[in-house]
Structures are given as C-alpha cells and as structure tokens.
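For reference, the structure is listed below as structure tokens.
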Amino acid sequence: MNAWLADAIWRGGKWESGVAMIAGEDGRIARFSSDVSDLKHAARLSGRVMLPGLVNTHSHAFQRLIRGRTERRSGAGPGQDTFWTWREAMYRAANLLSPEALFHIARMAYLEMLLSGITTVGEFHYLHHAPDGSPYPVRNMLALQVIRAAERNGLRIALLRTAYARGGQPRFLTPRVEDFISDTSALSKLCTNDRAWVGVAPHSVRAVPLDYLVRVVEYARAKALPVHMHLAEQPAEVESCVAEYGLRPVALLDKNGILDHRFTAIHAIQVNDDEIGKLGAARSQVCVCPTTERNLGDGICPADKLLGSGVGLALGSDSNVQINLLEDARELEYHLRLERLERVILDRENLAARLFTCATETGATSLSSPGGKFETGRAADFFTVDLNNPSIAGADAGSLMSNIVFSLERTAVRDVYVDGNCIVRDGHHRFEDEIVRNFAEVQHLLWSNARV
Ligand SMILES: [Zn+2]
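Given below as structure tokens:
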C-alpha cells in the first residue's frame with residue numbers, strides 16, 4: 128500500500144483537505160481516507176496539492192525533432208507559407224529517422240511530458256517502414272521503439288496505430304488494409320498491460336479511402352479499440368473530400384456509421400453547425416491541439432459550439448512545438464476570446480474546472496486510459512503542484528484551479544506518479560540528463576548532414 132497526503136486534493140470537481148489517497152500494490156486507487164491513523168501513515172506532501180495526471184490525447188513524438196526549425200519562410204510566395212509548406216519540412220525530417228533516432232526523440236518528448244504533469248500519451252503513430260517504404264524485418268519495429276521509449280521513461284501510452292494508404296511518404300504507407308489489420312493485431316498481442324495498449328487511427332479522409340476506412344473501423348469495433356482520426360483541420364481537406372465523395376468529412380463519416388462514443392476527431396476546426404450536431408449526437412470526442420494549431424495557422428476550433436452539442440473535448444500537444452497541456456487548455460478559451468471580443472466563454476461558472484477536465488478525464492475517455500480522475504479503482508496517476516511557486520503563489524481555495532489552469536509555469540510541477548510509482552521527484556526525472564544528452568546528439572547528427 129502507498130498513501131499520500133497533500134495540502135489538498137482535486138476530487139469530484141473541488142479541493143478537499145485532510146484527505147489521504149491510498150493505492151494498492153496494483154497501482155490502482157484503493158480508497159480515500161480522513162482517518163487519523165491513515166493520515167499519520169501517509170507520505171506528507173507539504174506545501175503541495177495533488178491533481179489527476181494530465182492526459183495528452185494527441186502526439187506525434189518524432190516531430191519534436193523539428194521544433195524551432197520551421198519558423199522561417201520556406202520560399203513559397205506571399206500568403207502561401209501554411210500548414211502545407213510546414214508539412215513538406217516535416218516529411219523531410221520523417222525520412223531522416225533511424226529506429227534508434229526515433230527512440231531517443233520519443234524519449235525526449237516523453238520526458239517533457241512527464242515533467243509537465245502528463246501521465247498518459249496518445250501517440251498517433253504513422254512511421255511504419257524504412258524510408259523507401261520497405262517493411263522492417265519486424266514490421267512493427269518503429270511502433271515498438273516508441274512504446275519502449277514511453278516504458279523506459281515511465282509514461283503510460285496508447286499507441287494509436289495509424290492507417291495511411293495514399294499520399295504522404297512511402298514509410299507511412301500500408302496500401303492493403305489486410306496488412307494494416309494483421310500488423311495492428313500483431314502489435315496488440317505484444318501489449319499485454321494497461322501501461323501500453325493499442326488503438327487505431329485512420330490518418331485522415333485524404334489518406335485513407337472510404338472502403339479501407341470502413342474496414343479499419345469494423346476491426347476496431349470488434350476489439351473495442353479507440354478510433355482517432357485527423358478531421359477537418361484544413362479547408363483544402365474539406366474541399367477534396369467534397370470533390371471525391373460529394374460530402375464534407377464529418378457528414379461522410381456519419382453517413383457510413385463511423386461516428387460513435389469511441390471515435391475521436393482530431394482538430395475539427397473546419398466544421399459547420401450541421402457537422403457539430405452530428406458529432407454531438409454520436410457522443411464522439413474532439414481532441415483540440417491549440418498550441419500546434421496556432422503555430423501552423425490552422426484556425427480556431429469552435430469549442431463552445433462543440434461542448435454545447437454534447438461533444439467531449441480533449442487536448443493534445445500534436446506537433447510538440449510546445450509541451451504544456453495547461454497552455455493548450457487556456458488557449459482553447461483564449462482563442463475564442465480573441466475571436467469574439469468577449470471573456471469567459473466556455474463555462475460561465477466553473478471555467479477552470481471545465482478546462483482541467485478536458486486536460487484529464489475527457490482525454491482518458493478518448494484513449495481508454497485507466498487514469499484521468501481520482502476515483503476508487505482508477506490508476507494512481509497524479510502530479511503535485513508547489514503552492515509557493517511564483518506563478519501561483521497567494522492563491523486560495525476559490526482561485527487555485529484558475530491559477531493553475533491560466534497561469535501555472537512548468538516549474539511548479541514537483542512530483543509525478545504513474546500507477547503509484549514516483550517518476551518525477553522534486554521536478555526531476557532520474558534519467559533526464561541521459562535523455563537530453565542522447566537527444567542533443569541525435570539532433571547534431573541529423574542536422575549536420577541535412578537541411579529541413
Ligand atoms: Zn496530428
């Protein structure tokens with residue numbers, strides 16, 4: 128048994144003091160207690176509060192490689208440096224990676240996640256083969272490198288194995304749906320616990336033809352796997368879908384029975400009221416990635432309308448240009464403020480709590496993660512925040528969650544636990560020096576011979 132007693136714990140949408148959280152040897156929360164004997168035996172986390180670990184619902188770990196390397200004009204004409212020119216740079220970087228380089232890059236991204244309080248990642252993984260498209264002898268070699276990186280770091284991972292059938296780069300592609308399903312099944316068999324599990328991710332409407340998409344979703348339904356898909360990120364994507372099928376992307380998925388409660392649309396920026404209604408009626412989730420979307424100039428997610436229609440909103444670090452899920456949470460609200468010239472939009476009464484739920488519980492639902500919430504039987508995944516950190520000092524019970532969501536600096540995150548195991552202690556991960564050193568070496572090796 129492990130027990131912790133912080134100054135306060137965030138449970139059931141409010142702060143509670145004098146309550147210890149107790150976990151069993153299986154890493155699950157066994158009970159909460161205010162009994163004097165339990166409080167006496169609990170590890171005391173003084174000056175700190177405990178919160179459920181953040182759930183990063185959408186990441187492409189390898190894109191950590193190009194952070195800071197695409198912030199200049201590409202040579203395209205005026206008004207033409209967009210998502211699509213960035214994507215060309217991302218493709219060139221993707222083709223540089225050896226399995227070992229991918230391992231070190233993923234470890235770097237996952238270290239940053241842990242240091243910021245993230246305890247589960249949904250890794251939307253589409254690097255499958257060698258750069259020329261030929262499969263590795265172990266077909267899931269690259270997915271296994273990413274899982275190994277998460278396990279070595281102590282991060283819980285949902286490996287969302289991505290189907291990519293056309294366009295893109297040869298190393299992304301699995302042209303036959305039978306191969307995609309058998310590769311996914313093979314990987315699932317290797318993931319036998321809830322520290323690493325498999326979901327499926329048809330990349331996008333443009334990358335996966337409809338018949339292929341339907342087969343992948345049927346497979347996922349039979350296995351009760353989460354289904355994630357980039358959806359309506361860019362106007363050109365919507366236009367090409369209309370040209371091919373005569374329908375907008377969400378309407379196409381709805382007509383073919385693909386939307387349900389296990390479905391998560393990534394981005395959902397270019398959606399109209401009809402599509403928002405369809406996503407809500409299906410009880411689907413939308414994962415918004417504001418730090419990436421602002422970096423790529425994607426546009427603003429109509430988060431208020433989506434919430435209003437019953438869609439659950441989760442958050443993702445996506446391109447990993449910045450890894451700070453609370454920044455994503457605040458940007459979800461701030462982008463709407465800038466657009467509407469108005470304040471406090473997503474929830475009139477409990478805005479910070481609502482945004483924190485997006486960063487935790489909804490993400491856990493989307494990924495089928497056992498964490499995301501302090502509740503008996505769920506995983507003891509949590510982080511602590513230093514109440515004396517300058518970014519939130521002086522907060523009281525009524526303003527603490529707003530301080531955390533809107534103003535917390537990553538330096539305030541002190542301890543991070545996954546399954547009741549301490550992964551980050553006093554702001555440090557025990558492998559951080561080694562991870563940073565190896566990553567810097569990979570960066571040097573790759574960029575001294577190449578140019579994005
Ligand atoms: Zn993405």
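Just so you know, our numbering puts 311 at position 184 of the sequence shown, and the rest follows in order with no gaps. All C-beta atoms in this analysis are idealised placements derived from N, C-alpha and C, irrespective of residue type, glycine included.
Should residue i go down as buried or exposed, given a rule of 16 or more other Cβ atoms within 10 Å for buried?
{"i": "residue 470", "result": "exposed"}
{"i": "residue 408", "result": "exposed"}
{"i": "residue 286", "result": "buried"}
{"i": "residue 162", "result": "exposed"}
{"i": "residue 211", "result": "exposed"}
{"i": "residue 277", "result": "buried"}
{"i": "residue 526", "result": "exposed"}
{"i": "residue 538", "result": "exposed"}
{"i": "residue 175", "result": "buried"}
{"i": "residue 455", "result": "buried"}
{"i": "residue 283", "result": "buried"}
{"i": "residue 128", "result": "exposed"}
{"i": "residue 255", "result": "buried"}
{"i": "residue 330", "result": "buried"}
Name the residue from the options whose alpha carbon lies nearest to the alpha carbon of residue i.
{"i": "residue 446", "options": "165, 313, 357", "result": "357"}
{"i": "residue 459", "options": "438, 174, 451, 482", "result": "482"}
{"i": "residue 186", "options": "443, 331, 366", "result": "443"}
{"i": "residue 512", "options": "534, 272, 158", "result": "534"}
{"i": "residue 536", "options": "551, 520, 526, 545", "result": "520"}
{"i": "residue 462", "options": "390, 382, 173, 425", "result": "425"}
{"i": "residue 514", "options": "147, 508, 438, 524", "result": "524"}
{"i": "residue 181", "options": "487, 500, 221", "result": "487"}
{"i": "residue 563", "options": "232, 503, 164", "result": "232"}
{"i": "residue 531", "options": "561, 558, 501, 457", "result": "457"}
{"i": "residue 319", "options": "274, 544, 491", "result": "274"}
{"i": "residue 394", "options": "373, 411, 546", "result": "411"}
{"i": "residue 236", "options": "333, 264, 189, 184", "result": "189"}
{"i": "residue 258", "options": "300, 248, 246, 249", "result": "300"}
{"i": "residue 311", "options": "238, 328, 137", "result": "328"}
{"i": "residue 450", "options": "173, 386, 241", "result": "241"}
{"i": "residue 352", "options": "338, 297, 363, 323", "result": "323"}
{"i": "residue 304", "options": "298, 289, 317", "result": "289"}
{"i": "residue 428", "options": "448, 399, 437", "result": "399"}
{"i": "residue 169", "options": "147, 179, 155", "result": "147"}
{"i": "residue 543", "options": "297, 507, 570", "result": "507"}
Which residues does DSSP pair with residue i in a beta bridge?
{"i": "residue 249", "result": "285"}
{"i": "residue 186", "result": "250, 445"}
{"i": "residue 520", "result": "None; residue 520 has no bridge partner."}
{"i": "residue 513", "result": "175"}
{"i": "residue 156", "result": "150"}
{"i": "residue 555", "result": "552"}
{"i": "residue 320", "result": "323"}
{"i": "residue 543", "result": "510, 551"}
{"i": "residue 355", "result": "391"}
{"i": "residue 143", "result": "136"}
{"i": "residue 440", "result": "413"}
{"i": "residue 329", "result": "290"}
{"i": "residue 181", "result": "245"}
{"i": "residue 129", "result": "150"}
{"i": "residue 170", "result": "131"}
Excluding the 5 residues flanking residue i on each side, which residues of the same chain have their C-beta closer than 8 Å to its C-beta?
{"i": "residue 313", "result": "266, 267"}
{"i": "residue 579", "result": "Reliability fails at residue 579, whose pLDDT of 49 lies under 50, so the model's placement of it is uncertain and the value that follows must be treated cautiously. Same-chain partners within the cutoff: 193, 196, 197, 216, 219, 220."}
{"i": "residue 516", "result": "535, 536, 538, 539"}
{"i": "residue 368", "result": "332, 333, 374, 375, 376, 379"}
{"i": "residue 473", "result": "430, 431, 434, 459, 460, 463, 481, 482"}
{"i": "residue 157", "result": "128, 149, 150, 151, 503"}
{"i": "residue 568", "result": "231"}
Starting from the C-beta of residue i, find all residues in its chain whose C-beta is less than 7 Å away, skip the five residues before and the five after it, and write them out in chain order.
{"i": "residue 144", "result": "134, 135"}
{"i": "residue 226", "result": "268, 269, 272"}
{"i": "residue 348", "result": "none"}
{"i": "residue 200", "result": "208"}
{"i": "residue 294", "result": "333, 334"}
{"i": "residue 344", "result": "354, 385"}
{"i": "residue 341", "result": "383"}
Report all residues from its chain with a CB closer than 6 Å to the CB of residue i; omit the five preceding and five following residues, and keep chain order.
{"i": "residue 171", "result": "132"}
{"i": "residue 281", "result": "545, 550"}
{"i": "residue 583", "result": "The question about residue 583 has no answer, for the chain in this structure spans 128 to 579."}
{"i": "residue 573", "result": "223"}
{"i": "residue 339", "result": "292, 304"}
{"i": "residue 247", "result": "182, 283, 496, 498"}
{"i": "residue 491", "result": "182, 498, 499"}
{"i": "residue 203", "result": "212"}
{"i": "residue 493", "result": "184, 391, 412, 441"}
Closer than 9 Å, CB to CB, is residue i near chain D or not?
{"i": "residue 529", "result": "The structure shown has no chain D; it contains just one protein chain."}
List in chain order the residues whose CB is within less than 6 Å of at least one heavy atom of ligand 1. Having a Cβ closer than 6 Å to some heavy atom of ligand 1 are 185, 187, 251, 357, 393, 445.
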